[in-house]
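Participant: I am attaching a structure below and will ask some questions about it afterwards.
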Amino acid sequence: MSTSSLAELQITASSASRSELPLNVLRHDTPAPEAMDGLQARHGDPIPMYGEANARGFKTVEDLTVADCVLAHLEAEQVEAVFGIPGGNLAPFQQALRKHGSMRFIIASHEGGAAFMADGYARATGKLGVCMVTAGPGATNAMTGVASAHLDGVPLLTISGNVSTERVGLFAMQESNSTHGVNTVEMFRQACASSAAVVDAQSLPRLLQRAMRTSQGLPGGATHLSIPTNVARQPIQRATVPTTRGAFRARPAAAPFEDLRAAFSMLRTARRPLILLGAGARAAMEEHGDAFNAFVTQHGIPVTSSLRGKGLFSEREPLCLGVVGLGGSKRVEAYLRDGVDVLLVLGSRLGEWASRSFHKYFQSIHHVIQVDVEAANIGQLLPVRLPIVADAGSVVTGLAELGQMIGPSSGARVQERWAQVMALHEPAPAVCAPQAKGMVKPQQLLAELDRHLSPEMDLYIDIGNCTGWTSHLLHVSPPARIFYPTGLTSMGWSCGAVVGGKIGRPERAAVAVVGDGAFLMNGVELLTASRYRVGTVTIVLNDNALGMVNHAEHMQDTAYPLEDEFYGLGNPDLERFSESLGAKVYTVDGPGQLDALLPEVLRRADASGQPQVIVAHIDYREVPPYGDRFAAVASDGK
Numbered sequence: 005m006s007t008s009s010l011a012e013l014q015i016t017a018s019s020a021s022r023s024e025l026p027l028n029v030l031r032h033d034t035p036a037p038e039a040m041d042g043l044q045a046r047h048g049d050p051i052p053m054y055g056e057a058n059a060r061g062f063k064t065v066e067d068l069t070v071a072d073c074v075l076a077h078l079e080a081e082q083v084e085a086v087f088g089i090p091g092g093n094l095a096p097f098q099q100a101l102r103k104h105g106s107m108r109f110i111i112a113s114h115e116g117g118a119a120f121m122a123d124g125y126a127r128a129t130g131k132l133g134v135c136m137v138t139a140g141p142g143a144t145n146a147m148t149g150v151a152s153a154h155l156d157g158v159p160l161l162t163i164s165g166n167v168s169t170e171r172v173g174l175f176a177m178q179e180s181n182s183t184h185g186v187n188t189v190e191m192f193r194q195a196c197a198s199s200a201a202v203v204d205a206q207s208l209p210r211l212l213q214r215a216m217r218t219s220q221g222l223p224g225g226a227t228h229l230s231i232p233t234n235v236a237r238q239p240i241q242r243a244t245v246p247t248t249r250g251a252f253r254a255r256p257a258a259a260p261f262e263d264l265r266a267a268f269s270m271l272r273t274a275r276r277p278l279i280l281l282g283a284g285a286r287a288a289m290e291e292h293g294d295a296f297n298a299f300v301t302q303h304g305i306p307v308t309s310s311l312r313g314k315g316l317f318s319e320r321e322p323l324c325l326g327v328v329g330l331g332g333s334k335r336v337e338a339y340l341r342d343g344v345d346v347l348l349v350l351g352s353r354l355g356e357w358a359s360r361s362f363h364k365y366f367q368s369i370h371h372v373i374q375v376d377v378e379a380a381n382i383g384q385l386l387p388v389r390l391p392i393v394a395d396a397g398s399v400v401t402g403l404a405e406l407g408q409m410i411g412p413s414s415g416a417r418v419q420e421r422w423a424q425v426m427a428l429h430e431p432a433p434a435v436c437a438p439q440a441k442g443m444v445k446p447q448q449l450l451a452e453l454d455r456h457l458s459p460e461m462d463l464y465i466d467i468g469n470c471t472g473w474t475s476h477l478l479h480v481s482p483p484a485r486i487f488y489p490t491g492l493t494s495m496g497w498s499c500g501a502v503v504g505g506k507i508g509r510p511e512r513a514a515v516a517v518v519g520d521g522a523f524l525m526n527g528v529e530l531l532t533a534s535r536y537r538v539g540t541v542t543i544v545l546n547d548n549a550l551g552m553v554n555h556a557e558h559m560q561d562t563a564y565p566l567e568d569e570f571y572g573l574g575n576p577d578l579e580r581f582s583e584s585l586g587a588k589v590y591t592v593d594g595p596g597q598l599d600a601l602l603p604e605v606l607r608r609a610d611a612s613g614q615p616q617v618i619v620a621h622i623d624y625r626e627v628p629p630y631g632d633r634f635a636a637v638a639s640d641g642k
């Protein structure tokens, strides 16, 4: 888009200027006034935060304990599973869960794994994930998983037990408060959206409801309550508890109509537009994906995604340029390099993963429309010409309706956009070394996995080289889904998340892809999957090293060979390790083997409920697609 045409649009960040926007592009084909009025009515006012139906979905209950009150709230949210580790200071909740008819207490092998399970459960179901742990080390062990969920905006409630208030100050075992021991309330306050101590029974309902509103609010995230064991047993004389799911869920505002008109006009007249989908657009795409697809097809607008937005728009569509950023697509890299005049960002903060280590290609984009439910996320990386603090779904539907009413600016413009996209080609993955006996190329392995992706599959991808390989080489199309923990980038996340996800959505195949280093951190959660008959599939990329840091250091200084033992793992027998935890195990050490194995492995996982593990011995010499990240680390401080 030329500077003069943008000036003509008179779009600024102020709502006053936007409301006066002269949409020249509408002059010959303005829709009927009643159609425009209908669209404006739907997008003119914010949606109320809590609807009338929710306000009526409560009942008064008498004579229940604090623990029972908590479970009543979770039951209303249709939470089927709580993840944690038992302990004396959590006993009232353990006993209440034992007696509960529809809610299970899934006992993990480690509190960190339990938090990752609750995270995976929440991502897979859209419900509140719940983690319960005891005081002291139980709470501190869970903190990494809680922080990981929080930084990805995952709704997660953690309840930690604490010593009886009668024992405070007596150096009781695992005492965790402001006077003695580790102050877990303050620690969690630094790692999630809110953290509070419940000091008596009567304060529990309001503190619990506040935590649930915060977790399921905007932008959402993790919350924590510390409940002493004697308080958990105390009776509550009268409590108001919800009767329906969603009583504490925030409903985001709809985009103002004048913002929709401005965004539509900018995209419609742009020469080289681009839409970037982030994880914040997941709900919008799941509900309004067909409308979005019709809009971009009609106008010939290419689409990319952040890593966490991967697969929200089918990666097999010709307009999809793949993932942008670290480990991303060469097609979108080329499109950005040649210039983008209008960028629409839907639900992404444009952090390091999405911006390819804050690459200069992004800095050259001057005309940005950014949509997010949280105002603080807008403009963090780039100056934003049109900020829209609103629900991404309202923007998707609004643009689609305007597109149907008005149409593209010209057929020639649309054809030009399509030609630009079709001229882009994704090169075949580079292979740096010949195929070695007893190993499979990671590029080959992921190509074989790609052939077996199905609409009923959820993928949980860990952090490490596997992140880049899967981002680069898998092509995900809805309703298949793929999840990454990019906020805290926690290694070992997938080992727990895949279990929680499968428990939450047992009808879907749950597949984790994890490196061997991360697998050694949390692979013990296979035992949890085995004990509870959770049929997960875990693919371990085994190169006997902490491969990401190994390659990063080697690229910065070739004096350190990849074969150096400094980052080696000691060649553990991951097959026997997995078998000892109750998994059915397979070895892949050559091309074509995963292709032959995977259909039967997926079938067995669902039929038997036994976790399945595929240990793939990959060629350690292959360089993961992280050149920009490695370069950024090397240049920090210089």
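Sequential numbering of the sequence shown, starting at 5, is according to this note's numbering. For each residue, glycine too, the CB sits at the ideal point set by N, CA and C.
(1) Where does G508 sit, in a helix, a strand or coil, going by DSSP?
(2) Counting Cβ pairs closer than 8 Å, one from the stretch 229 to 245 and one from the stretch 268 to 283, do we hit at least three?
(3) Only counting the same chain, and skipping five residues up and downstream in sequence, which positions put a Cβ closer than 8 Å to that of R242?
(4) Give the secondary structure of C470 by DSSP, where H, G and I count as helix, E and B as strand, and everything else as coil.
(5) In three-state DSSP terms, what is Y365?
(6) Can you check whether the CB of S333 is closer than 9 Å to the CB of T4?
(7) From the DSSP secondary-structure annotation, give me the bridge partner or partners of P277.
(8) For the beta strand (DSSP E) that contains K588, what are its first and last residues?
(9) Here's the rule I'm using: 16 or more other beta-carbon atoms within 10 Å means buried, otherwise exposed. How should R253 be labelled?
(10) Helix, strand or coil: how does DSSP classify G383 here?
(11) If you count every other CB in all the chains shown that lies within 10 Å of the CB of D294, and 16 or more means buried, which is it?
(12) Residues in its own chain within less than 6 Å of F653 by CB, not counting five upstream and five downstream?
(13) Compare the Cα-Cα distances from M191 to each of T162, T129, Q374 and report the closest residue.
(14) Going by other Cβ atoms of all chains shown within 10 Å of its Cβ, with 16 needed for buried, is G92 buried or exposed?
(15) Suppose you measure from the CA of L578 to the CA of C436; what does that come to, to the nearest Å?
(16) Below 8 Å on the Cβ atoms is my guess for F62 versus V245; work out the distance and round it to an integer in Å.
(17) According to DSSP, which residues form a beta bridge with D454?
(18) Please work out which residues of its chain come closer than 8 Å, Cβ to Cβ, to I622, disregarding the five sequence neighbours upstream and downstream, and give them in chain order.
(19) By Cβ distance below 6 Å, which residues in the same chain neighbour H292 in space, the five residues on each side in sequence not counted?
(20) Between the alpha carbons of M461 and L573, how many angstroms are there, rounded?
(21) Which of the three DSSP states, helix, strand or coil, is assigned to F487?
(22) Contact check, Y464 vs A516 under 8 Å by CB: the rounded distance?
(23) Return the bridge partner residues of C324 from the DSSP annotation.
(24) Taking only three categories from DSSP, how would you classify D395?
(25) What would DSSP say about G250, mapped onto helix, strand or coil?
(26) Measuring only the C-alpha atoms, how far is H555 from H476?
(27) In chain order, what residues of the same chain lie with their CB nearer than 7 Å to the CB of A143, ignoring the 5 residues before and after it?
(28) Between the alpha carbons of P510 and A126, how many angstroms are there, rounded?
(29) Who pairs with S481 in a beta bridge, going by DSSP?
(30) Can the beta-carbon of L278 be found closer than 9 Å to that of S310?
(31) Quick check: I486 and T542, are their CB atoms within less than 9 Å of each other?
(32) Based on DSSP bridge pairs, tell me the residues matched to A516.
(33) For Q213 and M121, what's the separation of their Cα atoms in angstroms?
(34) If you compare alpha carbons, which of L132, I467, V327, A251 is closest to E430?
(35) Which partner residues does H621 have in the DSSP bridge list?
(36) Near D49, which residues of its chain fall below 8 Å by C-beta distance, leaving aside the five closest residues on each side in sequence?
Facilitator: Reading it off the structure:
(1) helix
(2) no
(3) T64, V65, E66
(4) helix
(5) helix
(6) What the structure shows of the chain is the stretch from 5 to 642, and residue 4 is not part of that stretch, so it cannot be assessed.
(7) V346
(8) 588 to 592
(9) buried
(10) coil
(11) exposed
(12) No information on residue 653 is available, as it lies outside the stretch 5 to 642 that the chain covers here.
(13) T162
(14) exposed
(15) 26 Å
(16) 7 Å
(17) DSSP lists no partner for D454.
(18) M443, V444, K445, P446, L449, L545, N546, D547
(19) G397, V400, T401
(20) 31 Å
(21) strand
(22) 5 Å
(23) V307
(24) coil
(25) coil
(26) 17 Å
(27) V137, S164, S180, T188
(28) 13 Å
(29) For S481, which the question treats as bridged, DSSP gives no partner whatsoever.
(30) no
(31) no
(32) Y464, T542
(33) 22 Å
(34) V327
(35) N546
(36) Interpretation of D49 is limited by its pLDDT of 49, a score under 50 that renders its predicted location unreliable; the figure taken from the coordinates is listed afterwards. Excluding residues within five positions, the ones whose Cβ falls inside 8 Å are A258.
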